[in-house]
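For the first sequence, position 712 (counting from the first letter as 1) is numbered 813 according to this note's numbering, and the numbering increases by one without interruption.
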Amino acid sequence: MPEEDFPYEPGNIEKEVQNYWSENETFSVTEDPNKEKYFCLSMFPYPSGSIHMGHVRNYSIGDAISRFQRMLGKNVLQPMGWDAFGLPAENAAINNKVQPSSWTLENIESMKTQLTQLGFAYDWKREFATSEEDYYKWEQWFFLQMLEKGMAYQEEAEVNWDPVDQTVLANEQVIDGKGWRSGAEVEKKRLKQWFLKITDYAEELLAGTELLTGWPEQVKTQQKNWIGKSEGMNFTFEVNNYENSINVFTTRPDTIMGVSFIAISASHFLSKARSKEDDLIRQFIEEQNKVKQSEADFAKQEKEGIYTGIDAVHPFTGKKIPIWIGNFVLSDYGSGALMGVPAHDQRDFEFATKYELPILQVIEGPGETESTSEAFIEKNKLINSGEFDGLNFEEAFKAIEIKAKKLKCGKKETNFRLRDWGVSRQRYWGAPIPVLSDGINTFGAKDLPVKLPTTVAFQGVSSPLKDMDEFLNVEQDGKKVKRETDTFDTFFESSWYYARFASFDSKDSMIDDRAKYWLPVDQYVGGIEHAVLHLLYSRFFYRCMRDLGLIEGDEPFKNLLCQGMVLKDGTKMSKSKGNTVDPQGLIEKYGADTVRLFVMFAAPPEQSLEWSDQGVQGANRFINRIWRLVNKHIDLGIPESGSLQSSEEAINKLRSKTHKTLAKVKDDYLRRHSFNTAIAAIMELSNEIPKEFLEENSNKECRRAVNEAIEAILIMLSPITPHLSQFLWWKIYPSELILDVGWPEIEEDLLEDSKLTIAIQVNGKLRSQIEVASDTPEEEIKSLSLADEKIAIHTETKKVRKVIYVPGKIINIVV
RNA sequence: GCCGAAGUGGUGGAAUUGGUAGACACGCUACCUUGAGGGGGUAGUGAGCAUAGCUCGUGGAGGUUCGAAUCCUCUCUUCGGCACCA
């Protein structure tokens with residue numbers, strides 16, 4: 102039995118093919134102006150220690166796209182690297198007394214072994230880790246360029262402070278307002294930090310989203326909402342007995358006559374002023390300042406406020422408007438103050454109801470009476486607004502703007518939700534921010550890189566840099582200065598790594614001319630969780646690099662594919678839930694091709710994938726079937742090449758299926774990225790090879806048709822199961838690289854069927870089917886349908902009112 | 001809370017532009033094969049019923065249409081993001 106002669110042994114096969122790739126540097130590429138380039142990038146991983154299923158899925162998708170593009174003849178660059186800075190390395194250092202640097206390097210080594218075992222077509226010569234001096238040196242340089250251009254600035258900002266551990270905490274380290282290690286109540290603390298002026302690019306980033314035709318609509322929408330451009334007006338309210346007035350921003354100037362209170366944030370200057378005069382107000386503000394909340398917590402909290410005891414003056418009516426401090430007012434959006442219009446804003450409504458503030462309806466609602474359960478937030482005609490009554494939103498906006506201008510109490514304004522990017526982190530394992538201070542002035546470091554010491558002693562949990570004399574105290578231009586001990590946000594590294602892959606070994610510049618050939622990335626593949634921050638920061642950095650003349654174009658990622666999560670039992674795989682599946686064991690048991698085939702077959706890439714051990718077995722079974730099929734075919738002797746023309750129906754049926762499959766799979770790979778349906782189509786084709794065509798006495802024509810089908814199957818599978826495809830290909834064409842044989846030519850005339858099956862419906866319900874020649878005229882199909890006996894049963898007692906024919910598919914008889 | 005998605009047989013999913021719902025797999029059932037198996041093969045498999053067929057059926061409730069998984073309105077559930085996890 103052939104299966105016993107040649108059992109499928111993935112371990113040996115995969116090793117052999119991988120050795121060939123590595124010895125021949127199959128995936129090493131250089132710039133070739135005569136070839137169309139294709140840069141395919143998967144989001145690089147944080148080296149946590151071992152590959153998880155999410156990585157396997159992400160990288161299998163990227164690899165399939167890369168290999169397919171190469172089959173189309175393109176010069177494909179697919180690099181891989183390591184997002185090597187970050188918090189987990191520090192935690193490992195604290196818990197296990199290891200150096201973050203060596204912990205990271207060990208993790209990289211083991212993860213690289215795993216990626217190699219999976220057979221991904223990476224150009225490994227371009228590999229780098231962001232924790233390498235050669236890498237972060239250039240981002241330090243880049244930061245100094247930004248500093249020079251005024252794009253980077255220092256400002257005080259709030260952080261979570263653990264008073265016991267004496268350290269800054271990340272949001273994820275704060276659990277229910279307490280430090281995760283110490284359990285101490287977290288405090289808000291203000292620290293001087295570095296910011297990048299991403300808001301300078303808000304307008305351009307927003308406009309640019311429209312041009313990203315290769316991005317999923319949902320990601321573009323999320324980015325647009327994140328940037329959050331809103332057009333409205335700024336009104337100035339004078340305050341009784343205070344010199345300063347209060348500015349409020351509103352997107353609904355049409356509701357100005359419905360203002361019944363002003364709400365300011367706890368950090369507003371007026372709040373601070375009043376807290377010095379009033380104990381209750383001071384207590385309220387202190388309470389608000391306790392914990393730095395995430396926006397989610399902020400929005401979920403019960404609305405609370407306190408009257409400041411002072412009033413503003415309505416700019417149009419001169420009426421007294423009470424000023425309240427509210428916990429729902431964002432301090433860093435607009436001017437940290439808002440005009441409360443409870444009748445037409447839900448948050449204002451809830452606040453007004455709680456504190457019994459008047460609710461003044463100024464927009465015509467659905468009913469005559471005032472709504473008592475919720476605000477009416479839609480735009481409509483103005484009422485109870487004096488001279489503005491009867492105007493619609495646009496008219497009112499204009500009229501109110503003119504009046505405000507005249508009274509010098511307000512003007513049109515555009516506001517963005519987007520805030521400047523704070524890049525300072527009070528942590529050790531990151532790229533040092535290359536600035537120095539003499540106690541008065543802050544300036545850039547001249548000697549780059551500012552090296553991060555790799556041998557450090559952790560005293561508790563705070564950054565060891567703060568206690569390292571040799572790091573801290575240096576000389577520049579003969580002056581004794583102190584270094585900045587903060588490091589960069591790790592998003593800093595991941596915002597430009599794609600560009601460095603193009604100039605991976607450039608010693609004299611951050612990015613050289615090679616980037617002009619490779620950039621932008623043609624296909625970026627990664628998790629949806631990066632839809633906003635990472636992708637927006639990267640788009641921002643790309644523009645900054647462009648403005649420095651380093652690269653061309655505006656956008657880093659031409660096409661984006663966001664793959665879904667890998668779930669088990671309906672929830673995300675995680676160590677804490679204990680529902681993880683280790684890819685390593687599966688690779689050892691079934692081979693990389695089986696694992697890759699399963700993750701590509703189980704779900705479309707952008708959907709979540711439910712893990713199934715039985716599904717993996719199914720994938721393995723299919724691979725075994727292909728293995729036996731091809732080996733049997735080879736045992737029978739590969740037919741000499743010759744004409745594929747035949748008059749036999751079974752042969753033409755197989756050939757037609759082969760070519761239809763080639764066309765479908767190509768479309769699925771190229772346009773739809775629908776790998777699961779591509780695999781299903783390949784399975785169908787393999788199921789349709791007649792057994793009689795694989796017998797000793799099968800004729801030459803049959804054998805040639807089978808050969809054509811088998812070659813197509815191996816080629817079509819090769820982006821997903823590259824080892825199997827290559828190994829079997831060698832049995833037909835020794836020493837030929839299957840990746841470079843090209844996609845088989847699709848014979849158009851085999852795609853057309855000579856017969857069509859038309860479904861017949863009566864009143865939209867399927868009642869019968871007829872088979873007709875494909876050139877049958879419409880009238881004949883209609884009369885054939887009406888004559889059909891199954892149809893007659895449903896139409897005989899009724900009058901046919903209409904017959905709708907959808908060419909080649911369906912006919913609907915309306916009675 | 002705000003922003004963005006998803007919901008189809010026992011399970012994963014298919015239906016590409018509003019046109020035959022359930023392709024392809026998994027599982028299950030029966031039979032054949034094997035000393036054995038996470039082997040191989042053949043057939044069947046949405047539910048119900050008065051079973052040549054009919055009725056119901058894509059989270060739920062309405063609507064548009066000759067025709068809706070697909071479009072619209074409302075609603076429920078699950079998931080991603082919310083700026084110091086990456």
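Note that beta-carbon positions come from the ideal geometry of N, C-alpha and C, so glycine has one too.
Residues near residue 600 in its chain [Cβ-Cβ closer than 7 angstroms; skip 5 each side]: Closer than 7 angstroms at Cβ, skipping near neighbours: 612, 616, 620, 646, 652.
Residue 787 beta carbon less than 8 angstroms from that of residue 814: Between residue 814 and residue 787, the gap from beta carbon to beta carbon is short of 8 angstroms.
Three-state secondary structure (DSSP) of residue 145: Looking at residue 145 - three-state DSSP - the assignment turns out to be coil, as it is neither helix nor strand.
One or two residues paired with residue 269 in a DSSP bridge: For residue 269, which the question treats as bridged, DSSP gives the partners 262.
Reference residue 278; option with closest CA among 394, 352, 349: Closest in alpha carbon position to residue 278, among 394, 352, 349, is 394.
The alpha helix (DSSP H) enclosing residue 414, as first and last residue numbers: It is not in any alpha helix (DSSP H) - residue 414 instead sits in the beta strand (DSSP E) that spans 406-414.
Residue 853 versus residue 756 - alpha carbon distance: If you take the alpha carbons of residue 853 and residue 756, they lie about 12 angstroms apart.
Under 8 angstroms between C-beta atoms of residue 702 and residue 780: In this structure, residue 780 lies closer than 8 angstroms to residue 702 by Cβ.
Residue 808 burial status per 10 Å Cβ neighbour count (16 or more: buried): Its Cβ being crowded by 16 or more others within 10 Å, residue 808 is buried.
Stretch-stretch touch, CB-based, cutoff 8 angstroms, three pairs: the region 194-214 with the region 700-714: As far as the Cβ criterion goes, the region 194-214 does not touch the region 700-714, which means the pair count is below three.
For residue 280, the residue or residues it bridges with in DSSP: The secondary-structure analysis by DSSP pairs residue 280 across a beta bridge with 275.
Residue 812 (DSSP reduced to helix, strand or coil): Residue 812 carries a helical assignment under DSSP once its states are collapsed to helix, strand and coil.
Closest by C-alpha distance to residue 50, when choosing among 532, 401, 758, 333: Absent from the model: residue 50. The displayed extent of the chain is 102 to 916, so no value can be given.
Neighbour-count burial assignment, residue 907, 16 or more Cβ in a 10 Å radius: Residue environment: residue 907 is assigned as exposed (fewer than 16 neighbouring CB atoms within 10 Å of its CB, all protein chains considered).
Cutoff 6 angstroms; reference residue 826; Cβ partners in own chain excluding five residues on either side: Excluding residues within five positions, the ones whose Cβ falls inside 6 angstroms are 815, 818, 819, 839.
CA nearest to the CA of residue 285, picked from 392, 251, 173: Closest by alpha carbon: 392.
Alpha-carbon to alpha-carbon, residue 642 and residue 469: Note that residue 469 scores 48 on pLDDT, short of 50, meaning its location in the model is unreliable and no value can be drawn from it.
Pick from 873, 896, 895, 894 that is closest to residue 885, judged by C-alpha positions: From the listed residues 873, 896, 895, 894, the smallest Cα separation to residue 885 is found for 873.
Three-state secondary structure assigned by DSSP to residue 342: The answer is coil: DSSP assigns residue 342 none of H, G, I, E or B.
N- and C-terminal bounds of the alpha helix (DSSP H) containing residue 928: Here the chain has residues from 102 to 916 only, and residue 928 is not among them.
Cβ-Cβ separation, residue 868 to residue 861 (assumed contact under 8 angstroms), whole Å: About 6 angstroms; that satisfies the 8 angstroms criterion.
Chain-order list of residues whose beta-carbon lies under 6 angstroms from that of residue 260 (same chain, five-residue window excluded): Only 269, 290, 292 meet the Cβ criterion.
Same chain, Cβ closer than 6 angstroms to residue 658, five either side skipped, listed in chain order: Cβ within range, chain order: 622, 625.
Buried or exposed (CB count within 10 angstroms, at least 16 for buried), residue 901: A residue is called buried once 16 or more other Cβ atoms fall within 10 Å of its Cβ, and residue 901, having fewer, is exposed.
Integer-rounded CB distance, given that residue 231 should sit under 8 angstroms from residue 185: Yes, residue 185 and residue 231 are in contact; Cβ-Cβ is about 5 angstroms, under 8 angstroms.
Buried versus exposed, by CB contacts within 10 Å (16 or more), residue 449: The residue in question, residue 449, is buried, as its Cβ has 16 or more Cβ neighbours within 10 Å.
Residues near residue 383 by beta carbon distance below 7 angstroms, same chain, minus five either side: Closer than 7 angstroms at Cβ, skipping near neighbours: 376.
Burial state of residue 699, where buried means 16 or more other Cβ atoms lie within 10 Å: Burial of residue 699 is indicated by the presence of at least 16 other C-beta atoms within 10 angstroms of its C-beta.
Nearest-angstrom Cα separation, counted from residue 477 out to residue 137: Roughly 56 angstroms between the two C-alpha positions.
Classification of residue 113 by the beta-carbon crowding that lies within 10 angstroms, buried from 16 upward: For residue 113, the number of other beta carbons within 10 angstroms of its own is below 16, and it is reported as exposed.
Three-way DSSP call (helix, strand, coil) for residue 315 in this model: Per DSSP, reduced to three states, the secondary structure at residue 315 is strand.
Length of the line joining the Cα atoms of residue 111 and residue 118: Those two C-alpha atoms are separated by around 10 angstroms.
Alpha-carbon to alpha-carbon, residue 129 and residue 632: Cα to Cα, residue 632 sits roughly 30 angstroms from residue 129.
Residue 427: first and last residue of the uninterrupted alpha helix (DSSP H) it sits in: Per DSSP, residue 427 belongs to no alpha helix (DSSP H); it is in the beta strand (DSSP E), 421-427.
Whole-angstrom C-beta distance between residue 347 and residue 413, which should lie under 8 angstroms: About 6 angstroms separates the two Cβ atoms, so the contact holds.
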